[in-house]
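Each residue of the sequence shown is one higher than the last, beginning at 299 in our numbering. First comes the structure, then the notes that go with it.
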Amino acid sequence: MRTSRLRTVHPVLWTGWAALAAGAVLCAVGWYGVSGERYAERQLPYLASCTIPGAALIIAGAVLLAQGRGSVAAARVEELYGLLVAAEPAEPEATGRAALAPLAVSGDLLMVPGGTLWHRADCPLVAGKAEAVPVDSKLVASGELDPCPICEPAEETD
């Protein structure tokens with residue numbers, strides 16, 4: 299799946315880089331031609347034939363590169379989504395009501411120094427981390443720490 303999608307993306311990226319290079323060359327040739335002419339009426343052909351198309355190619359190349367990189371990112375997201383969908387749950391019961399409950403249910407509250415969230419002790423984000431310390435109730439009361447959206451600790455448990 300990934301290689302077929304990326305094969306269609308690479309030509310867009312190569313075309314973008316080629317357009318950027320051609321535009322830069324045309325702008326350089328136009329600048330060189332304009333700089334060698336003293337009178338404005340002799341500079342206009344260089345502007346019309348080199349500099350303006352060169353600038354247009356640079357813009358087109360930038361658009362193609364942005365589109366190509368977006369396509370690469372979309373291909374990677376599709377690949378990851380395919381891996382997630384293909385993975386079967388470990389237990390068939392896990393897809394029921396228990397999957398909607400918070401992942402952590404412990405009453406002990408922890409935080410990571412320098413972090414912005416407070417967690418239950420069995421939250422997957424702090425479980426097993428040696429640097430996790432107990433939450434200071436003053437930080438929670440002052441609003442400096444927000445509750446973790448994964449384990450959903452209740453403020454009244456502290």
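Where is the CB? At the ideal position from N, CA and C, for every residue including glycine. Remember, predicted model here, so these are calculated numbers, not experimental data.
Relative to the C-alpha of residue i, which candidate in the options has its C-alpha closest?
i           : options               : result
residue 447 : 362, 414 and 336      : 414
residue 408 : 346, 335, 343 and 450 : 450
residue 350 : 364, 438 and 321      : 321
residue 325 : 347, 331, 341 and 352 : 352
residue 442 : 416, 421, 422 and 432 : 416
residue 319 : 421, 356, 346 and 379 : 356
residue 323 : 421, 376, 347 and 383 : 347
residue 412 : 421, 422 and 433      : 433
Short of 8 Å in beta carbon distance, which residues of its chain neighbour residue i, apart from the five on each side in sequence? Order them along the chain.
i           : result
residue 362 : 310, 311, 313, 314 and 317
residue 444 : 414, 415 and 416
residue 335 : 341 and 344
residue 354 : 321
Have a look at the DSSP bridge pairing and note the partners of residue i.
i           : result
residue 406 : In the DSSP output, where bridge partners are listed per residue, residue 406 has none listed.
residue 431 : 409
residue 418 : 407
residue 445 : 416
Return the chain-ordered list of same chain residues with a C-beta closer than 6 Å to the C-beta of residue i, the five sequence neighbours on each side being excluded.
i           : result
residue 406 : 419
residue 440 : none
residue 344 : 328, 331 and 332
Within a Cβ cutoff of 7 Å, which residues of the same chain sit near residue i, ignoring the five residues on either side of it in sequence?
i           : result
residue 410 : 424, 427, 429 and 430
residue 366 : 307, 310, 311 and 314
residue 395 : Bear in mind that a pLDDT of 47 at residue 395, under 50, signals an unreliable position, so the number given afterwards is only what the model happens to contain. Hits under 7 Å: none found.
Going by other Cβ atoms of all chains shown within 10 Å of its Cβ, with 16 needed for buried, is residue i buried or exposed?
i           : result
residue 381 : exposed
residue 359 : buried
residue 437 : exposed
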